[in-house]
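2 protein chains.
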Amino acid sequence: MNDVSPIKYELLHIDRYTNARRGRIYTKHGIIETPVFMPVGTNATVKAITGQSLEDVGSEIILGNAFHLFLRPGLDVLDSFGGLHSFMNWKKPILTDSGGFQVFSLKDRIIDEQGVSFRSPLDGSKLKITPEISMKIQQSIGSDIAMAFDECITAYADHDYVSSSIDRTFRWAKRSFESHSRKDQALFGIVQGALFEDLRQRSLEQITSVPFDGYALGGLAVGEKYQESEKILQSFGTQLPTDKPRYIMGIGSPTMMVLSVENGMDMFDCVLPTRMGRHGTALTYNGRINLKASKCAYIEKPIDENCSCYTCRNHSQGYIHHLFKRDEILGKMLLSIHNLHFNISLVKDMRKAIEEDRFLQFKKQFFEVSGYPLKN
Amino acid sequence: MNDVSPIKYELLHIDRYTNARRGRIYTKHGIIETPVFMPVGTNATVKAITGQSLEDVGSEIILGNAFHLFLRPGLDVLDSFGGLHSFMNWKKPILTDSGGFQVFSLKDRIIDEQGVSFRSPLDGSKLKITPEISMKIQQSIGSDIAMAFDECITAYADHDYVSSSIDRTFRWAKRSFESHSRKDQALFGIVQGALFEDLRQRSLEQITSVPFDGYALGGLAVGEKYQESEKILQSFGTQLPTDKPRYIMGIGSPTMMVLSVENGMDMFDCVLPTRMGRHGTALTYNGRINLKASKCAYIEKPIDENCSCYTCRNHSQGYIHHLFKRDEILGKMLLSIHNLHFNISLVKDMRKAIEEDRFLQFKKQFFEVSGYPLKN
Chain A
10 MNDVSPIKYE
20 LLHIDRYTNA
30 RRGRIYTKHG
40 IIETPVFMPV
50 GTNATVKAIT
60 GQSLEDVGSE
70 IILGNAFHLF
80 LRPGLDVLDS
90 FGGLHSFMNW
100 KKPILTDSGG
110 FQVFSLKDRI
120 IDEQGVSFRS
130 PLDGSKLKIT
140 PEISMKIQQS
150 IGSDIAMAFD
160 ECITAYADHD
170 YVSSSIDRTF
180 RWAKRSFESH
190 SRKDQALFGI
200 VQGALFEDLR
210 QRSLEQITSV
220 PFDGYALGGL
230 AVGEKYQESE
240 KILQSFGTQL
250 PTDKPRYIMG
260 IGSPTMMVLS
270 VENGMDMFDC
280 VLPTRMGRHG
290 TALTYNGRIN
300 LKASKCAYIE
310 KPIDENCSCY
320 TCRNHSQGYI
330 HHLFKRDEIL
340 GKMLLSIHNL
350 HFNISLVKDM
360 RKAIEEDRFL
370 QFKKQFFEVS
380 GYPLKN
Chain B
10 MNDVSPIKYE
20 LLHIDRYTNA
30 RRGRIYTKHG
40 IIETPVFMPV
50 GTNATVKAIT
60 GQSLEDVGSE
70 IILGNAFHLF
80 LRPGLDVLDS
90 FGGLHSFMNW
100 KKPILTDSGG
110 FQVFSLKDRI
120 IDEQGVSFRS
130 PLDGSKLKIT
140 PEISMKIQQS
150 IGSDIAMAFD
160 ECITAYADHD
170 YVSSSIDRTF
180 RWAKRSFESH
190 SRKDQALFGI
200 VQGALFEDLR
210 QRSLEQITSV
220 PFDGYALGGL
230 AVGEKYQESE
240 KILQSFGTQL
250 PTDKPRYIMG
260 IGSPTMMVLS
270 VENGMDMFDC
280 VLPTRMGRHG
290 TALTYNGRIN
300 LKASKCAYIE
310 KPIDENCSCY
320 TCRNHSQGYI
330 HHLFKRDEIL
340 GKMLLSIHNL
350 HFNISLVKDM
360 RKAIEEDRFL
370 QFKKQFFEVS
380 GYPLKN
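So, in structure tokens, the structure goes:
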């Protein structure tokens, strides 16, 4: 429990015609400009990219997974190295999720009031994560921002289940807050409630009653249509406190980032750019390009002639196509660089649009003129 | 057939006590200091490393594979892009092998006087490579140095077979030379003869009777013991012309590079550093380190505290161990960087030792004091 927040959020400007906001988060590992996209570094590495390239594409903060890091390298190793920053040699801020999302996607997990029991996917051993254990793990990791332990439920769970789940998530949020002791680490609470407006409202009131350092919308991007998550965003985005960072978890498709920013959200994370990159798809302002398609074989142009990333400055679509046809690691590396650069450039462009009160024009351009697909 | 060689070899110095020599090869894509290690870029990419990192580790020339590039992307694409340099955006020199080594390792290849027939490992289609076709492929690739088409035979083929094979390789060498027309591309001949001294002698006399721009020893590092290849090196290294580059093909283990330099060789290539790197093994002056070993989990030191590569400047053995345990691509990337940097640093150290007439001390230090394993 922090008396003084280890991070500070500064609201710089709100777009004149939307709820899009431009801000800044001060942490001991540096300043984060918002809106911000956080690349996901599940296993103490953002997949297929070096730390240097991660900096080069403009990453200001990355996300680590408490669940995965707890399994391996494990707390002994993390403690021995003095935390994740030092272990992976990343000098900028890190946010960790609580492990909830990963644990709840395991088949054999058992939930009780105390926490969640499950078998290690690595060696089958019996493990349990409680709010207290999640705080312990995240404190060993030493992230700048930790997340409260919550139950992440599917978008289509029934009303009764979601109702009892959010009440438990509230109790777990308070236990997370009480057991969290690391004074140089911020702690965010997570609003759940699936797609039920009444339950989202209750969860929001519950979670914001705890003086967390920031607040998140969880349980979105878990299978629902974008219109459904947009509705939740429209109803609840601006209900989150204005003086603290607002984080929408697991959102990172270009479409959803634009809609989230419009509704007052500040922080995003998603494996989408790196995962798509490893599978041969590039993100651009004109939609997605499947580099595996044979029509790319002779294209001497880069993915985007206006893109300043390493990949576009150095390589053609034809070359990247060839790398994917031969299943060469370099193909995955080059598209991971490009896609992360794209997502980060997108939030940078949105920052500028907000500063100049033209977020609506930006959105119009993004969806209509550039023809970006309005889908998840 | 070139009237004037498109490359120039300058012999700078011969070590006072050995046959080790320090030289320089001038090409239209830049100067190559020798002895030189050439990273292997089979499919128009040195595996798991960006072009930028390849430059950063000190690569002065890379090797491309005519056989693989002929299959994919194919000559149409290479011609459309104006050659391999432009296709992969590599601005320094490139050497291509003739396809011989790859074709002869296929099971169903049929050799006749004309060339080699085989089925494409990609789609089963019937293909044939002749000396003339190999020259055509390498001319489309546009490498700075092309290799004559030869039969690469196993170390333990019988005397009769090797005898007839080297005579055919001689006829193919002359056909390669006659059909080669690209004036800005050098062409090297290849001495074969397995482990038979009399046949190596005959092949050397045959091949050096053709005015190639450089000469190679082929058919080594194909399964024999290091002492056997060392014997061939001792007998024939210095018999190769002194005024042209000397290349020993497929050699790139630290041990064999040192023995090759001692016997007057200038150029080396091998997939060993990158392949070992992708499998978790690091090369150092104190032997190999298996980063997958559990004893590495807590080691906060880099692979080599004296190494200046990106990997050693930024990451611990414990971190790399973790990446391999999680099968993360970054592990392969980091060890490929380190191992290439190691092989290139090794040739740089040998250059300096030759310049200062202390190659023997260098060799002694390498094998005895540092305890580097004297094996293949």
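Line order of the protein sequences matches chains A and B.
Note that the working numbering gives residue 373 to position 364 of the first sequence, counting from 1, and the numbers run on in steps of one.
Note that the working numbering gives residue 149 to position 140 of the second sequence, counting from 1, and the numbers run on in steps of one.
For glycine and all other residues, C-beta sits at the position ideal for the given N, C-alpha and C.
In this text the structure is predicted, and so the values were computed from the model without any measurement.
Distance, residue j Cα to residue i Cα
i: R25(A); j: D366(A); result: 5 Å
i: I308(A); j: V55(B); result: 22 Å
i: K372(A); j: M274(A); result: 15 Å
i: D222(A); j: T36(A); result: 12 Å
i: Y256(A); j: K137(A); result: 26 Å
i: L343(A); j: S149(A); result: 33 Å
i: A182(A); j: V200(A); result: 10 Å
i: G230(A); j: E187(A); result: Per the sequence presented here, residue 230(A) reads as Ala, with Gly not at that position. Approximately 29 Å, taken between the alpha carbons.
i: F96(B); j: A75(B); result: 14 Å
i: R128(A); j: Y235(A); result: 33 Å
i: K101(A); j: L72(B); result: 38 Å
i: G39(A); j: N348(A); result: 24 Å
i: E42(A); j: D193(A); result: 20 Å
i: G151(A); j: C318(A); result: 31 Å
i: L21(B); j: S212(B); result: 28 Å
i: V364(B); j: P250(B); result: Per the sequence presented here, residue 364(B) reads as Glu, with Val not at that position. So the alpha carbons of these two residues sit roughly 21 Å apart.
i: G289(B); j: S244(A); result: 51 Å
i: E337(A); j: L63(B); result: 16 Å
i: N98(A); j: L104(A); result: 15 Å
i: L292(A); j: L292(B); result: 38 Å
i: V66(A); j: M47(A); result: 12 Å
i: H77(A); j: S107(B); result: 47 Å
i: K253(B); j: R31(B); result: 12 Å
i: I216(B); j: G198(B); result: 6 Å
Within-9 Å CB hit, residue i to chain A
i: F96(B); result: yes
i: R180(B); result: no
i: K301(B); result: no
i: M342(B); result: yes
Nearest candidate by alpha-carbon position, reference residue i, set the options
i: P163(A); options: T251(A), S188(A) and F110(A); result: Just to set this straight, residue 163(A) is Thr in the shown sequence, not Pro. Minimum Cα distance to T163(A) is reached at F110(A).
i: H168(B); options: E364(B), E122(B), P102(B) and E206(B); result: E206(B)
i: L131(A); options: Q123(A), L115(A) and A155(A); result: L115(A)
i: Y294(B); options: F376(B), N74(B) and H189(B); result: F376(B)
i: G227(B); options: F179(B), E64(B) and P263(B); result: F179(B)
i: F368(A); options: S126(A), K17(A) and P44(A); result: P44(A)
i: I329(B); options: L249(B), L300(B) and G60(B); result: L300(B)
i: G296(B); options: A203(B), K253(B) and F351(B); result: F351(B)
i: S218(A); options: Q248(A), I298(A) and S244(A); result: Q248(A)
i: P263(B); options: P254(B), K253(B) and M285(B); result: M285(B)
i: K17(B); options: D358(B), K357(B), I154(B) and S126(B); result: I154(B)
i: S185(A); options: G202(A), A166(A), V171(A) and P220(A); result: P220(A)
i: M276(A); options: S14(A), P15(A) and I34(A); result: I34(A)
Any chain B beta carbon closer than 9 Å to residue i
i: Y389(A); result: The structure shown has nothing for residue 389(A), since chain A only spans 10 to 385.
i: E337(A); result: yes
i: G327(A); result: yes
i: S89(A); result: yes
i: N2(A); result: Here chain A covers residues 10 to 385 and nothing more, so residue 2(A) does not appear.
i: K17(A); result: no
i: A203(A); result: no
i: E365(A); result: no
i: L115(A); result: no
i: Q183(A); result: One detail in the question is off: residue 183(A) reads as Lys in this sequence, not Gln. Taking Cβ atoms only, chain B never reaches closer than 9 Å to K183(A), which makes this a no.
i: S14(A); result: no
i: V49(A); result: no
i: Y307(A); result: yes
Cβ separation of residue i and residue j, assumed to be a contact under 8 Å, to the nearest whole Å
i: R57(A); j: S345(A); result: Here residue 57(A) is Ala; the residue named in the question, Arg, does not match the sequence. Yes, A57(A) and S345(A) are in contact; Cβ-Cβ is about 5 Å, under 8 Å.
i: G327(A); j: A302(A); result: About 11 Å separates the two Cβ atoms, so there is no contact after all.
i: M258(A); j: A225(A); result: 5 Å
i: I241(B); j: L204(B); result: 7 Å
CB contact check: residue i to chain D, cutoff 9 Å
i: G60(B); result: The chain inventory of the structure shown lacks chain D, comprising the protein chains A and B.
Give, in chain order, every unbroken run of the beta strand (DSSP E) that is at least 3 residues long and sits entirely within the stretch 243-282 of chain A. For the stretch 243-282 of chain A, whole beta strand (DSSP E) runs of length 3 or above, ordered along the chain, are 255-257 and 276-279.
Taking only runs that begin and end inside the stretch 91-156 of chain B, name each unbroken alpha helix (DSSP H) of 4 or more residues, in chain order. The stretch 91-156 of chain B contains these whole alpha helix (DSSP H) runs: 93-97, 109-113 and 140-150.
Taking only runs of the beta strand (DSSP E) that begin and end inside the stretch 193-250 of chain B, which ones reach a length of at least 3 residues, in chain order? List check, beta strand (DSSP E) in window: 195-200 and 223-226.
Every unbroken alpha helix (DSSP H) within the stretch 310-334 of chain B, with a cutoff of 4 residues, ordered by chain: The stretch 310-334 of chain B contains these whole alpha helix (DSSP H) runs: 319-323 and 326-334.
Whole runs of the beta strand (DSSP E) within the stretch 58-83 of chain B, excluding any shorter than 3 residues: Qualifying beta strand (DSSP E) stretches, in chain order: 71-74.
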